[in-house]
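Going by full-length UniProt numbering, the residue at position 73 of the sequence shown is 73; the numbering climbs one at a time, nothing skipped.
Backbone N, C-alpha and C define an ideal beta-carbon position, used for all residues, glycine too.
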Amino acid sequence: MGACDVCGSSEGRMFTVSMGNQTGTFDSFECAIHMMAPACEHCGCRILGHPVESEAGIYCCLHCAREAGNPHQAAKTEHSTVAVPAQGATADQG
Ligand SMILES: [Zn+2]
Ligand SMILES: [Zn+2]
């Protein structure tokens, strides 16, 4: 095992991460994340949790997917419970 693919350090506990057909050698998770973690198409942050994937791109959260104008996800997350205004409010006149 050689040096870290990101920072070039070869000290510490080296490990490899494989994703698909891509493999990298790292000395820390910070470096592994830097190279391997996908970036949110909307805000650009590294996606460390479960990504929200769509045909439009990959996002860190539903909020970003919606902000990026993805009608697919937006429709999915819309709740059917709509607040209905109370009918026949008691009119206290007289
Ligand atoms: Zn490194
Ligand atoms: Zn995001």
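With respect to the alpha helix (DSSP H) encompassing I58, which residues constitute its N-terminal and C-terminal limits? Working through the sequence shown from its first residue, we reach residue 58 at position 58. Counting along the chain, I58 falls outside any alpha helix (DSSP H), though it belongs to the beta strand (DSSP E) covering G57 to Y59.
On the CB-based measure, 16 or more other CB atoms within 10 Å of its CB, does F26 come out buried or exposed? Within the sequence shown, residue 26 is the residue found at index 26, counting from 1. Buried: at least 16 other Cβ atoms inside 10 Å.
I need the DSSP call for M19, collapsed to helix, strand or coil. Taking the sequence shown and counting its residues from 1, one reaches residue 19 at position 19. It is a strand residue.
For E53, does the count of other Cβ atoms within 10 angstroms reach 16, so buried, or fall short, so exposed? In the sequence shown, counting from the first residue as 1, residue 53 sits at position 53. Taking every protein chain shown into account, the CB of E53 has fewer than 16 other CB atoms within 10 angstroms, so this residue is exposed.
DSSP bridge partner residues for R46 (one or two, in chain order): For the purposes of this step, residue 46 is taken as residue 46 along the sequence shown, with counting starting at 1. Bridge partners of R46: A39.
Taking 8 Å as the cut-off, is the beta-carbon of G44 closer than that to any non-hydrogen atom of ligand 2? For the purposes of this step, residue 44 is taken as residue 44 along the sequence shown, with counting starting at 1. Under cutoff, so the answer is yes.
Considering only residues of the same chain and omitting the five flanking positions on each side of D5, which have a CB-CB separation below 8 Å? Along the sequence shown, one-based indexing puts residue 5 at 5. Answer for D5: G24, T25, F26, C31 and M35, listed in chain order.
Relative to the alpha-carbon of S18, which residue among A37, P51 and C64 has its alpha-carbon at the smallest distance? Against the sequence shown, residue 18 aligns to sequence position 18. Distances from the alpha-carbon of S18 to those of A37, P51 and C64 put A37 closest.
Alpha-carbon to alpha-carbon, F29 and E11: For the purposes of this step, residue 11 is taken as the residue at position 11 of the sequence shown. For the purposes of this step, residue 29 is taken as the residue at position 29 of the sequence shown. Distance between the alpha carbons of E11 and F29: 14 Å.
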